[in-house]
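My numbering puts the first residue of the sequence shown at 51, with every later residue one more than the last.
Backbone N, C-alpha and C define an ideal beta-carbon position, used for all residues, glycine too.
Report on the structure given below.
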Amino acid sequence: MAKIEIKNFNLYYADFHALKNININIEEKRVTAVVGPSGCGKSTLLKSINRINDIIEGIHTTGEINIAGSNTYDEGVDVNLLRRNVGIVFQRPNPFPISIYENVAFGLKVNRIASRKSVVDETVEKSLKDVLLWNDIKDKLRKSALSLTLEQQQRLCIARVIAVTPQIILLDEPCSSLDPIATRRIEELMIKLKDKYTIVIVTHNMQQAARVSHDTAFMLLGQLVEFDKTEKIFTNPSKKETDDYVTGRFG
Ligand SMILES: Nc1ncnc2c1ncn2[C@@H]1O[C@H](COP(=O)(O)OP(=O)(O)OP(=O)(O)O)[C@@H](O)[C@H]1O
Ligand SMILES: [Mg+2]
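So, in structure tokens, the structure goes:
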């Protein structure tokens, strides 16, 4: 069964038809890249998966996004639970202006997953180890998260997501505010995380998509042009528009 099945999915910002009949099956424990020129709907699609678009006024959707077989757009879906299961990390690291420790513990407390100090401590440590941050910061857990470098902040944001044990991690251009070395290190982290999580990453960086993803979706003007194995998309795409884009002829 596909982990994420996007089926005849449409999204409108009021009158503007931003996603046009999208169909994609995303398999479990793989990295799927979403690429395409600015404004084509990549972020909108990503944010539809855990329904954080819901908060935007005037938004309207049709179709389905099934996760492990159930439609997240069904009535009565527990959106908080959905967002716990499907974590998201944004372009700019957005740690809360509280301590490193409290950032990672945040979701555990808010969602009442754990309150015993020993359990929270353990989860904080494990999550920070998972993002390879623990060794650097284990002696300054009480310091403000804002004292970290941008790369460390981005790792912290990923740790904050991991702490509440999601199955899916969505990353919206997670490296775009990082330097090339930090970018490569975050990419290595993604490759490692895919053993445990299903990852969907939006990126403008074609080399990045080629390095980290198994499958790639190419979008244009709200439509999915082509979805296939990354290698195929980059070496022998079926559609001319895809070829033009991946070879840098436009976008
Ligand atoms: N809240 C909103 N209200 C109205 N229109 C919006 C809203 N958010 C996005 N849009 C429009 O929807 C389209 C898709 O936007 P989206 O942000 O998903 O594109 P994107 O592919 O992520 O672009 P970028 O690469 O620049 O991040 C754009 O035309 C954008 O202007
Ligand atoms: Mg975007």
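{"Query": "The beta strand (DSSP E) spanning Ile219 covers which residue range?", "Result": "218 to 222"}
{"Query": "Cβ atoms of Thr248 and Arg101: under 8 Å apart, would you say?", "Result": "no"}
{"Query": "Just to check, is the beta-carbon of Val84 closer than 7 Å to a non-hydrogen atom of ligand 2?", "Result": "no"}
{"Query": "Cβ of Tyr151 within 7 Å of any heavy atom in ligand 1?", "Result": "no"}
{"Query": "Compute the Euclidean distance between the alpha carbons of Lys290 and Asp278, then round it to the nearest angstrom.", "Result": "14 Å"}
{"Query": "Quick check: the region 102 to 121 against the region 188 to 200, are there 3 or more CB pairs under 8 Å?", "Result": "no"}
{"Query": "Considering only residues of the same chain and omitting the five flanking positions on each side of Leu183, which have a CB-CB separation below 8 Å?", "Result": "Gln202, Arg205, Leu206, Ala209"}
{"Query": "What does a CB cutoff of less than 7 Å around Lys92 pick up in its chain, not counting 5 residues either side in sequence?", "Result": "Val84, Gly86, Val252, Met269"}
{"Query": "Taking 7 Å as the limit, tell me which residues put their C-beta closer than that to any heavy atom of ligand 3, in chain order.", "Result": "Questions concerning ligand 3 fall outside what the structure shown contains, since the ligands it does hold are ligand 1 and ligand 2."}
{"Query": "Who does Ala83 pair with in a DSSP beta bridge?", "Result": "Ile251, Thr266"}
{"Query": "Under DSSP, the alpha helix (DSSP H) around Phe284 begins and ends at which residues?", "Result": "280 to 285"}
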